[in-house]
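Residue numbers (the numbering used here), protein chains in the order written: chain L, 1 to 137; chain A, 1001 to 1137; chain U, 2001 to 2137; chain G, 3001 to 3137.
Since the structure comes first, as structure tokens, the remarks are kept for the end.
Number of protein chains: 4
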Amino acid sequence: MSAKHTWPIRVYWEDTDAGGIVFYANYLKFFERGRTEWLRSLELHQQTLKTTVGGMFVVSETQVRYHQPCRLDDVVIVETELLQVGRVAIDLRQTVWLQSAHPVRLCTGDIRVGWVDAVTLKPTRMPPTLTNALKRP
Amino acid sequence: MSAKHTWPIRVYWEDTDAGGIVFYANYLKFFERGRTEWLRSLELHQQTLKTTVGGMFVVSETQVRYHQPCRLDDVVIVETELLQVGRVAIDLRQTVWLQSAHPVRLCTGDIRVGWVDAVTLKPTRMPPTLTNALKRP
Amino acid sequence: MSAKHTWPIRVYWEDTDAGGIVFYANYLKFFERGRTEWLRSLELHQQTLKTTVGGMFVVSETQVRYHQPCRLDDVVIVETELLQVGRVAIDLRQTVWLQSAHPVRLCTGDIRVGWVDAVTLKPTRMPPTLTNALKRP
Amino acid sequence: MSAKHTWPIRVYWEDTDAGGIVFYANYLKFFERGRTEWLRSLELHQQTLKTTVGGMFVVSETQVRYHQPCRLDDVVIVETELLQVGRVAIDLRQTVWLQSAHPVRLCTGDIRVGWVDAVTLKPTRMPPTLTNALKRP
């Protein structure tokens, strides 16, 4: 359905914890940045979607495996792959790699993102302009 | 003008960084929690204010000194003291103490918080119900 | 194996995003606070474990479902239930409830937490003092 | 003493709060990223400094003014200017600008960053390799 989108992220102090590694919740921030940049690469801007179409994406399910830790100053690559476009949700596979001569897989996520009305927050059908943009090869 | 309000906070993994100590930005989260709980103690609920009065508090200026670090599992006390109530802003002195037999001052903040229209975000005069509640001894 | 541990958390500005609801990564912070307080209820303090036993807990896998959003000023209850104690990891079921006369289930997580050497970060066998404390009814 | 270093940052969901704008503490994250990238531009890598020289930078004082808010999808530019190099601390002026045809000043920070021993966290004199690198024009 789609090529994989990649996005590089530097690990800063804010991302780490006293264990010396990136705090587990912060990989979800990395995933979110990867999704936003993937949407931008399709010319889908979420602030604009919210004000024009009245909807927004909200994560409804995640399955995440943490394989290896990473540390301050590392650069990671967030890879985002669209698996499926449904009527009210999309399924993504996202992987965080440690950038290096031999990239190491740090974290893998299967993420379901639902489309909801921005006011009621109820699941709602994605508008055709959105699904078409997502399905465009 | 007012007694000092105090609020205890446990330091969790999320608050620390790879230096082994609480990340400097997170003291502003502690200050914010302290302000919210101080407002709640005055029966001022920000979500309610936003929907009924149409305004919200936004920080406009901070001056913060970091005296000593703190670590995972520490308990800190956020002390909040109202210094002044203006027409469009209030001034607070907030101090974070390490809870112990001999409390240690960790961080001191002089914080100005403005009152803004929740839609335009422009500074606006605080409604009398708000200033009265703030000034009540 | 164990009773459910519960821990209340107030939703502050820092937890929300521009969608008006709690940002999805922040539920993992709530889960972590719930786990830390559950461990504390068993007299297991992570900073102490790190310096005395040389190990720490690191999350290796999460499966999270987001059922309903919550908002600024809400109080949520984090419920933590120990499902299984292995040799190098424990399995937990954690649920975030909206506190109300009729509690609403907001978010459910199946969390695997591994025990690792604090220096090498390699999985390692939990010391008997730890497994005994965890299994104590 | 030095040219101004600039670093662009996209505003993501994680940076915003329910007021629809970037949460005030998160500007300190932006400042920190700006400082890290400025140090990197001088070939100073903090993880390396910590392990080789045994010291690290810790913020000791901030004075921040918030002029205008910014929102999801905005791009901001963090400008970092070194004002002074002391024996145990440096002084920086950092400014966050909204990227646009006519840039808007969003936030200004005067930041003092101390050099501390990475173990004891006590202020300590910066090694000559560090001060030389900082003073290099």
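C-beta: ideal position from N, C-alpha, C; glycine also.
Note that this is a predicted model, so its numbers are computed, not measured.
Close partners of Q2047/U in chain A (Cβ separation under 8 Å): R1071, L1072 and D1073. Between the segment 1023 to 1040 of chain A and the segment 98 to 116 of chain L there are fewer than three C-beta pairs closer than 8 Å, too few to call the two in contact.
Rounded to whole angstroms, the gap between the alpha carbons of D91/L and R3105/G is 39 Å. The segment 2044 to 2055 of chain U and the segment 51 to 71 of chain L do not touch, with fewer than three beta-carbon pairs separated by less than 8 Å. Contact between the segment 3002 to 3018 of chain G and the segment 2006 to 2018 of chain U is present, with at least three C-beta pairs closer than 8 Å. Counting along the chain, the unbroken beta strand (DSSP E) around L3098/G starts and ends at A3089 to L3098. At a Cβ-Cβ threshold of 8 Å, R2033/U and V2085/U do not count as neighbours.
In the DSSP annotation of this structure, T2016/U is not part of any beta strand (DSSP E), being labelled neither H nor E.
According to the DSSP assignment, T3129/G belongs to no beta strand (DSSP E) but to the alpha helix (DSSP H) extending over P3128 to K3135. It is roughly 10 Å from the alpha-carbon of L49/L to the alpha-carbon of P127/L.
Within the same chain, and ignoring the five residues on either side of S2041/U in sequence, the residues whose Cβ sits closer than 8 Å to its Cβ are H2005.
Burial is judged here by how many other beta carbons sit within 10 angstroms of a residue's own beta carbon; T129/L has fewer than 16 and is exposed.
Per the C-alpha coordinates, the member of C2070/U, H2067/U and K2122/U positioned closest to V2088/U is K2122/U.
The beta carbon of R1035/A sits closer than 8 Å to the beta carbons of F1057, T1080, L1092, Q1094, I1111 and V1113 from its chain, once the five residues preceding and following it are set aside; these are given in chain order. D3073/G is positioned such that its CB atom lies closer than 8 Å to that of Q46/L.
Between Y2012/U and chain A, the shortest Cβ-Cβ separation is below 8 Å. Taking the CA atoms as reference points, T3120/G sits about 11 Å from P1069/A.
Taking the Cα of G1109/A as reference, the smallest distance to any Cα among A1133/A, R1136/A, V1075/A and L1028/A is reached at L1028/A. In the structure shown, T3124/G adopts coil according to DSSP, grouped into three states. Nearest CB-CB separation between T1051/A and chain U: not below the 8 Å threshold. For the segment 2016 to 2029 of chain U, residues whose beta-carbon sits nearer than 8 Å to a beta-carbon of chain A comprise K2029. The three-state reading of DSSP puts E43/L in coil, since its state is none of H, G, I, E or B. Listed along the chain, the chain L residues whose CB falls inside 9 Å of the CB of E3032/G are Y12, W13 and E14. Within chain U, Y2012 have C-beta atoms less than 7 Å from the C-beta of T1036/A, given in sequence order.
Sequence-distant partners of R1125/A (beyond 5 residues in either direction) whose C-beta falls short of 7 Å from its own C-beta, in its chain, are R1087 and V1088.
Interface criterion not met: the Cβ of M2126/U is under 8 Å from no Cβ in chain L. Residue-level contact check: T1080/A does not touch chain G, since none of the beta carbons of chain G fall below 8 Å from its beta carbon.
Residue pairing by DSSP puts L2082/U in a beta bridge opposite L2092/U.
The C-alpha of L44/L lies about 8 Å from the C-alpha of A133/L. Its chain contains V85 as the residues whose beta carbon lies nearer than 6 Å to that of K135/L, once the 5 sequence neighbours on both sides are disregarded; these appear in chain order.
Residue pairing by DSSP puts P2008/U in a beta bridge opposite I2077/U.
Shown here, Y2066/U sits in a strand according to DSSP, grouped into three states. Going by DSSP, I2111/U is part of the beta strand (DSSP E) stretching over V2104 to D2117. Listed along chain A, no residue sits closer than 9 Å to T3095/G by beta-carbon distance, the nearest being about 15 Å off. Non-local beta-carbon contacts of V3011/G in its own chain, meaning distances under 8 Å to residues more than five positions away in sequence, involve V3022, C3070, R3071, L3072, D3073, D3074, V3075 and V3076 in chain order.
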